[in-house]
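Structure first, commentary second.
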Amino acid sequence: MNHSSDGGRALNHTDRRRTVWLITIFVIIAATGLTYVKWWPYYDKALKAIMEHSIGSSILGMDPGDAAPSWQAAWNYALTYFKAVWKAAVLGILLGTLVQSLLPSQWLLRVLGKTTFGSTAIGGIASIPGMMCSCCAAPIAIGLRKKKVSVGSALAFWIGNPTINPATLVFMTFVLSWKFTVLRLIFGILLTFGVSYLANRFAKEADPVEIDAPQSTDQTDERPLWKRWLTSIGQMLVRVVPAYFIAVLLLGAMQAWMFPHLGAAAGNTLLAVIFFSVMGMLFVIPTAAEIPIIQAFMAAGLGAGPAAALLLTLPAVSLPSLLMVRRSFPKRVLWFVTASVVLLGILCGVAGMLIL
């Protein structure tokens, strides 16, 4: 009996040590990638925002609706967009596949596997250092769901990346105003933590989704780590990249219809707030691109209400990112998230009409 007890303790100690090492390796890779792709470039961009009250020109051009829908517009936007996000997209795919092949399943389930608000909060807080757009964070959310973490935790991580991005909040304060920052923070927190937590309720009786059952131990798969990682990355590329690319092209072609020029009289109405809430939810942008877009739109006559709606809906989700995660979350959950983004965008727009 003593020998058996000693052997069990030794095995548990070995498992714990292995878990610590795997988590440490993942954190080092993530921190290195984020330093190169996000943290250091954003430090320079923050200085630019402080000194110049600008972080660059709008990815849509200086005036809304200044070009007719065309495939040339689609191609031009796709080139500009992917040039801005490709490094973060590669990092997102890398981290998403490492979540599947490197992080221990049982540890992830203990931390993020519950449907409690605590697990949702951990997912949202973990998103803060990532500072990714919804499309670049999507592969990581897919990886988390492959490990069977709860819907709320994975959603909070996915949505929190773009909406409570601390770098974006800094840029916003110096380029737009502190009032925009307060609105974004309030509604971003409601979306990241509140909507994600409530989404757990929609997942309980939803249709099953295509995620792998967690193994009782991570040693069940006896393939070498590199083989498991290559399998994960192959599946990720096949499932994610085609829909991502096609959706970006489609939205690029339609941008002139989605963001028409509105005169000053029509640019600050409730109808405009609703319209731009829906369009902002569908459209796809790089991280923090909503700031110069709003800056340019307001200079062209767009009112504070629609601008405040875009402040939340543009970064939160997009048609491409929703298509990317469609197999990882129940349909009811994604419809709930989509409707919540639009509704909170409208409320943010109404608040903007009153205080901006």
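FYI, the numbering for the sequence shown is 1 to 356, going by this note's numbering. Beta carbons are placed, not taken as given, at the ideal position from N, Cα and C, and that holds for glycine.
Whether residue i touches residue j by CB criterion (8 Å)
i    : j    : result
L319 : C348 : no
P292 : S134 : no
V278 : V342 : yes
R110 : R239 : no
P330 : A203 : yes
G93  : M258 : One point to set straight first is that residue 93 is Ile, not Gly, in the sequence displayed. No, the pair does not count as a contact, with Cβ atoms beyond the cut-off.
L249 : A78  : yes
V325 : A141 : yes
I346 : V284 : no
P129 : L34  : yes
A30  : L95  : yes
Y197 : F117 : yes
A316 : M281 : yes
L314 : E290 : yes
Own chain partners of residue i with C-beta closer than 6 Å, once the 5 adjacent residues on each side are dropped
i    : result
A247 : L319, P320, L323
A88  : V37, M132, C136
S119 : L112, S150, S153
S216 : With a pLDDT of 42 at S216, under the threshold of 50, the modelled position of this residue cannot be trusted; read the value that follows with caution. Hits under 6 Å: none found.
S340 : V195
K45  : I55
V288 : It is Ala, not Val, that sits at residue 288 in the sequence shown. Closer than 6 Å at the Cβ level, and outside the excluded window around A288, lie T168, F171.
L91  : G33, V37
K227 : none
Residues of its chain near residue i, where Cβ-Cβ distance is below 8 Å and the 5 sequence neighbours each way are ignored
i    : result
A73  : A67, G252, A253, Q255, A256
T80  : I59
S427 : Because the chain in this structure spans residues 1 to 356, residue 427 falls outside the shown range and cannot be described.
V20  : none
R16  : none
W40  : none
L225 : S101, L102
K179 : I355, L356
N76  : G252
W107 : T19, I23
Contacting residues, own chain, Cβ-Cβ under 7 Å from residue i (five flanking each side not counted)
i    : result
G267 : G301, L302, G303, P306
F174 : A49, I50, H53
I294 : L176, A307, L310, L311
K372 : No information on residue 372 is available, as it lies outside the stretch 1 to 356 that the chain covers here.
A199 : V151, G152, L155, V333, F336, V337
L183 : A308, L311, C348, A351, G352
S70  : A253
S232 : T97, Q100, S101
G143 : G96, T97, V99, Q100
L344 : F187, L190, L191, L312
P214 : Confidence at P214 is low in this model, with a pLDDT of 45, below 50, so the placement of that residue is unreliable and no value is reported for it.
Any chain C beta carbon closer than 8 Å to residue i
i    : result
F117 : This model lacks chain C altogether, as it is built from one protein chain only.
Contact test: residue i Cβ vs the ligand GTP heavy atom, cutoff 7 Å
i   : result
W75 : You won't find the ligand GTP in this model; it holds no ligand whatsoever.
Query raised in the report: Touch check for the region 302-320 and the region 335-355: three-plus C-beta pairs under 8 Å?
Result: yes
**Report entry** Whole alpha helix (DSSP H) elements within the region 253-300, 4-residue minimum
**Finding:** Note on the region 253-300: whole alpha helix (DSSP H) runs with a minimum of 4 residues are 270-282, 290-299, in chain order.
Query raised in the report: Touching or not, the region 163-178 and the region 187-196, by the rule of three or more beta carbon pairs under 8 Å?
Result: yes
Report task. Take every Cβ of the region 93-107, pair it with every Cβ of the region 24-39, and state whether three or more of those distances are shorter than 8 Å. Result -> yes
Query raised in the report: Which residue spans inside the region 39-114 form an unbroken alpha helix (DSSP H) run of at least 4?
Result: 40-52, 71-101, 105-112
Query raised in the report: At which residue ranges does the region 177-208 contain complete alpha helix (DSSP H) runs of 4 or more residues, listed in the order of the chain?
Result: Every alpha helix (DSSP H) stretch that sits fully inside the region 177-208 and reaches 4 residues is listed by chain position as 178-189, 196-203.
Query raised in the report: For the region 129-183, which segments carrying the alpha helix (DSSP H) assignment without a break, of at least 4 residues, lie completely within its bounds, in sequence order?
Result: 134-146, 151-163, 166-175
Requested in this report: Starting from the N-terminal side, write out each stretch of the alpha helix (DSSP H) that is 4 residues or longer and does not extend beyond the region 311-355.
Outcome: Note on the region 311-355: whole alpha helix (DSSP H) runs with a minimum of 4 residues are 319-324, 331-355, in chain order.
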